[in-house]
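K.L.:
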Amino acid sequence: MATTQARGVIFIHSAPRALCPHLEWAVGRALGRAVSFDWADQPVLAGSRRAEFYWEGAAGTGAALATAIRGWEHLRFEVTEDPTPRSDGGRWLHTPGLGIHYAQTDTAGNVVIGEDRIRYAMEIAGNDPLELGRELQVALGSAWDEELEPFRHASDDAPVVWLHKVG
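Position one of the sequence shown corresponds to residue 21 (the working numbering), numbered consecutively onward.
This is how it looks when you write it as structure tokens:
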């Protein structure tokens, strides 16, 4: 049986300069070949770098990539794996303060929340609709998205406006 090929993207949103070659090495090891990232300054966090890397590999490579680069302090990243006809897609988000979050994705890139996770959220929430909303936000990875959003926009060469900063 042929191995299902998958593809995706690694977004290194912020990494200390000293960590950059180690990230390339870890990704290359997970892919089984040497890789080189096109690093750029990350304007949101002085002294940090950002990169995007498009990859192809066997289904499940996204998980291997996220595992290979998680655990380093001060690293913010996303790994995506597009779904294939024979495998689900996935999205791994990591921030220093929140750790890692995994979500299954559909063919349009939407997060899929499984029946068991919804039942768990309902059980935890009881009759409290605010708690149900909070549990669903956790399942969606909303806190990770909120923390990464300024880094995503900065990576598009868009100016970042810090509305909460004064002076």
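Just so it is clear, CB atoms sit at the ideal spot from N, CA and C, and this is done for glycine as well.
Which residue comes first and which comes last in the alpha helix (DSSP H) that contains Val47?
P.N.:
Cys40 to Leu51
K.L.:
Can you tell me the Cβ-Cβ gap for Ala35 and Arg69, rounded? I've got them flagged as a contact below 8 Å.
P.N.:
5 Å
K.L.:
What's the call for Gln62, buried or exposed, on a 16-neighbour Cβ count within 10 Å?
P.N.:
buried
K.L.:
Compare the C-beta of Val132 against all C-beta atoms of chain B and say whether one is closer than 9 Å.
P.N.:
Absent from the structure is chain B; it holds one protein chain and no more.
K.L.:
Assess, as a yes-or-no matter, whether the segment 147-167 is touched by the segment 119-135 under the definition of 3 or more beta carbon pairs within less than 8 Å.
P.N.:
yes
K.L.:
Could you give the DSSP three-state label for Leu95: helix, strand or coil?
P.N.:
The answer is coil: DSSP assigns Leu95 none of H, G, I, E or B.
K.L.:
Closest to Thr125 by CA distance: which of Asp102, Thr81, Leu39 and Tyr140 is it?
P.N.:
Measuring from the Cα of Thr125, the nearest candidate turns out to be Asp102.
K.L.:
Is the beta carbon of Ile30 sitting closer than 9 Å to the one on Glu72?
P.N.:
yes
K.L.:
Within 10 angstroms of its Cβ, does Gly110 collect 16 or more other Cβ (buried), or is it exposed?
P.N.:
buried
K.L.:
Is the separation between the beta-carbon of Leu51 and that of Leu95 shorter than 9 Å?
P.N.:
no
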